[in-house]
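Asker: Residue numbers (this note's numbering): 117 to 274.
Note that CB positions come from ideal geometry on N, CA and C, so glycine has one too.
Take a look at this one; I'll ask things after.
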């Protein structure tokens, strides 16, 4: 990233420093003393992280144009290196951090929510999943003489 973004680096370092305990504060974080609540670090991403910013309908040229642009995080703003301009948006996706596991299971309802929230990065029993999938694949019936259907009715009849 260019040197002109050092001010964002200092602001990010200041925020991180205020999220750490120090000897001057009495059992509180500096952020907690300033704002009355502990800092939320659940959505804390590294400075300069790649992100995809959603483009609104007004900003799109036509119906088939891209719906997002790749930017870099600069702590309240985003930098679009292709256009060399600053972007401000609340609709942002961090693709490198999407696959990271959740550490607080039980917040979402249903079986799928339980599975998504309990698989923590590096602690998933992938060998067990692999063996279950291979067993299911081996149980599939194999037929050598399959005729390609000539029309839709023949394909749907089986």
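How long is the line joining the alpha carbons of residue 171 and residue 146, rounded to whole angstroms?
Answerer: Counted from its first residue, the chain shown places residue 171 at position 55. Counted from its first residue, the chain shown places residue 146 at position 30. So the two alpha carbons sit approximately 36 Å from each other.
Asker: Using three-state DSSP, classify residue 267 as helix, strand or coil.
Answerer: For the purposes of this step, residue 267 is identified with residue 151 of the chain shown, where counting begins at 1. In this structure, residue 267 counts as coil in the three-state DSSP scheme.
Asker: In the structure shown, what three-state DSSP assignment does residue 182 receive?
Answerer: Sequence index remark: in the chain shown, residue 182 carries index 66 (1-based). Here residue 182 sits in coil by DSSP.
Asker: Can you look up residue 272 in the DSSP assignment and give me helix, strand or coil?
Answerer: Along the chain shown, read from residue 1 onward, the residue named residue 272 stands at position 156. Three-state result, residue 272: helix.
Asker: What does the Cβ neighbour count give for residue 187, buried or exposed, with the cut at 16 atoms within 10 Å?
Answerer: Locating residue 187 in the chain shown gives position 71, counting from the first residue. Flag for residue 187 reads buried.
Asker: What residue range does the alpha helix (DSSP H) around residue 132 cover?
Answerer: Within the chain shown, numbered from 1, the residue matching residue 132 stands at position 16. Unbroken alpha helix (DSSP H) run through residue 132: 122 to 134.
Asker: Assuming residue 160 contacts residue 125 (C-beta within less than 8 Å), just tell me the rounded distance between them.
Answerer: Taking the chain shown and counting its residues from 1, the one referred to as residue 160 is at position 44. Taking the chain shown and counting its residues from 1, the one referred to as residue 125 is at position 9. Actually they are not in contact, since the Cβ atoms of residue 160 and residue 125 sit about 15 Å apart, beyond 8 Å.
Asker: Candidates 207, 156, 201, 250: which alpha carbon is nearest residue 117's?
Answerer: Sequence index remark: in the chain shown, residue 117 carries index 1 (1-based). Taking only the C-alpha atoms, the option nearest residue 117 is 201.
Asker: Please report the Cβ distance between residue 157 and residue 135, rounded to the nearest whole angstrom; I am assuming they are in contact, meaning their Cβ atoms lie under 8 Å.
Answerer: Numbered from 1 along the chain shown, position 41 holds the residue referred to as residue 157. Numbered from 1 along the chain shown, position 19 holds the residue referred to as residue 135. Confirmed, about 6 Å.
Asker: Express the C-alpha separation of residue 252 and residue 119 in angstroms, rounding to a whole number.
Answerer: Mapped onto the chain shown, residue 119 falls at position 3. Mapped onto the chain shown, residue 252 falls at position 136. Answer to the nearest angstrom: the Cα atoms are 55 Å apart.
Asker: Quick one: using the 10 Å Cβ neighbour count with 16 as the cut-off for buried, is residue 142 buried or exposed?
Answerer: To locate residue 142, count along the chain shown from 1; it is residue 26. Exposed is the call here.
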